[in-house]
Structure formats: C-alpha cells, structure tokens
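Counting from 178, one number per residue, gives the positions in the sequence shown under this note's numbering.
Since the structure comes first, as structure tokens, the remarks are kept for the end.
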Amino acid sequence: MDLLHSLLLGILQGITEFLPISSSAHLILVPALAGWADQGVAFDLAVHVGTLLAVVLYFRQDVTALTHDGFASVMQRRFIGQGRLALFLVIGTLPAAVAGLLMLDLIDKQLRSIQIIFFTTLIFGLLLGWADWRRPDRPRELTTLSWWDAIVVGAAQAVALIPGTSRSGATITAGLLLGLSREAASRFSFLLAIPITALAASAKLLELATSETSVDWLAFLTGGVTSFMMALTAIHFFLKWLNRFGMWPYVIYRVVLAGVIFLVLMK
C-alpha cells in the first residue's frame, strides 16, 4: 500500500470515526474518487486500533471508574458508583455485536454500494438535524439514563453498521430523540465506541490471522498512528464546540457530501 495513501486514510479515519459523518463511508468514497485500490483488512485493523486507543486515552478516568465500579457491582450484586452506567454500556453494545455477527458478510459484500451510502448519508444526516432541532428545553443528563435508553441507543448503533449511517451520528441522534442533552448523548456515544470498536478490531484481527494476507507493517503503523492522533483531536474539538455550534455543521456537511456522491459517483 502506498505510504501517502495510508497516511491520508489514517488521518481521514481518525477525524471521521467520532464525528457524526461516517468513517466507513469516507473510507469507501475517497478511494473510489481517487481510483485507489482497496486498503485491505490489515489497514482497517490498524486504524480501528488507533481510534480505540484514542477514545480510551481521552476518557481514561471514565474507563477506569466504569471498569472498577462495574466489577464491584457484579461482585456485590448492587450498583456501586458508575456501575449502572457500565451495565447500560454492555446493554447498548449487544445489538450491534449480534447484528455484526449475523450480518457481517451482508454488510461487507452487499451494503457498501455508492447508492446505499448516498441514501444513508442524506437521510441520517437530516434525521440528526431534526433531532438536534427538537431537543427539549430541559434535556436529561447521563444520570437519568434507563434500560430503555440503552436499548434504543444500542439499536441505533446496530443500524449504523450500514455504511454511510455513522455510528456516532446514529447513537447521538437516538440520544437526542430520547431527550438527552447534547453532552450526555455525545458522551454516551463515545463511551459506547470503546466496547464495539474493540470487538470490531478483534474480528478483523481474527480475519487477518486466518487469511494468507501479507501485512504491510509500514502502512499498518502509519495508519494506526495517524488515526490515533487525529481521533484525539477530533474528540477534543467536537466536545469543545458542541454547545457553540451544535450538530448543524455536520448536517450541512452530510447534505453537501450526498450531493457530491450523487453528481460525481452516481452519474
């Protein structure tokens, strides 16, 4: 794999993984527009590991507390500290994990078309804008999260397996529609990224280990490091600018991107 390609795709993955604009769509669209060859399983693994490490590092205090309180709650059979939130993260991860196992071939082989990405980019972008526009005057915080909220957001994460939907976009949209504040919906979305990204990276590692694909270690390292650095930056500025700009910059971007897909790749 060309080093420049791995650098650019690593940057692209890092920026788009946690913004509500779909990293999977961009990793399909950019090579299609540029005429590049498919980057392969090894590279996908590298950039997933990079973004996983970024979100774990950024939310390291939350991760430590959730892990400790989650295990303590199980051992003592009652919720301790953030044990309830830890349970809700497990519940929210299950729908996407099950859907990924059952529909992996369908997603990889039949749902990666430009036409599907066009519709998901446009429709789920507009849905995000509507959810942000109709948010209540007194939104809920993470402390009010319920089992039902976790299931609904988890189902949205499962839908986001379709390229172009955006995992963060779908889960934030669901959170906003449930009445959560922008900060609460985004924080729950980012924390949900940790277990599902770890599972996705593990699946890709297993696929790589059972295949005869050779690994371009330089491209692997370049993609992983750049996605890690850019993901840290994207998370920081997304949360910093959340109240100031809301979701509409991403909604506008998705509508424009859908127009580019329609005019350039669907003609």
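Every residue gets a Cβ at the ideal spot worked out from N, C-alpha and C, and that includes glycine.
In the assembly as shown, A386 is an exposed residue. Its beta-carbon has fewer than 16 other beta-carbons within 10 Å. Within the DSSP bridge table, the entry for R364 names no partner. With respect to the C-alpha of H182, the residue from G346, V207, N420, T390 having the closest C-alpha is V207.
Put simply, the backbone Cα of V232 is about 13 Å away from that of G401. The Cβ atoms of D309 and L355 lie no closer than 8 Å to each other. In the pairwise beta carbon analysis, the stretch 188–207 is classified as touching the stretch 401–414: at least three pairs are separated by under 8 Å. Taking a cut-off of 8 Å on C-beta distances, the stretch 370–384 touches the stretch 272–287, as three or more cross pairs fall below it. Counting along the chain, the unbroken alpha helix (DSSP H) around Q287 starts and ends at 260–287. At the C-beta level, L369 and T270 come within 8 Å of one another.
At a Cβ-Cβ threshold of 8 Å, M424 and Q292 do not count as neighbours. In this structure the stretch 236–244 does not touch the stretch 327–346; the number of beta carbon pairs closer than 8 Å is below three.
With at least 16 other beta carbons inside 10 angstroms of its own, R431 counts as buried. Beta-bridge pairing by DSSP links R317 to L357. Measuring C-alpha to C-alpha distances from W394 to each of G212, W307, V433, A223 identifies A223 as the nearest. A distance below 6 Å between beta-carbons, with the five flanking residues on each side excluded, links V392 to the following residues of its chain, in chain order: A219.
The straight-line gap separating the alpha-carbon atoms of L283 and G346 is approximately 22 Å. Here DSSP, grouped into helix, strand and coil, assigns K381 to helix. Judged by beta-carbon spacing, S358 lies within the 8 Å limit of E318, meaning their Cβ atoms are closer than that value. By the 16-neighbour rule on beta-carbons within 10 angstroms, Q334 is buried. Across the set S199, A377, A380, the C-alpha of S199 shows the shortest separation from the C-alpha of T348. In this structure, S363 lies near L416, with their beta-carbon atoms less than 8 Å apart.
The C-alpha of I328 lies about 11 Å from the C-alpha of G352. Taking the CA atoms as reference points, W324 sits about 42 Å from L210. Across the structure, A411 and Q190 are spaced so that their CA atoms are roughly 10 Å apart. Around the C-beta of G212, fewer than 16 other C-beta atoms lie within 10 Å, and the residue is accordingly described as exposed. D285 and W307 have their alpha carbons spaced roughly 29 Å apart.
Shown here, S199 sits in coil according to DSSP, grouped into three states, outside any helix or strand.
When only Cα atoms are considered, A380 and L278 end up about 9 Å apart.
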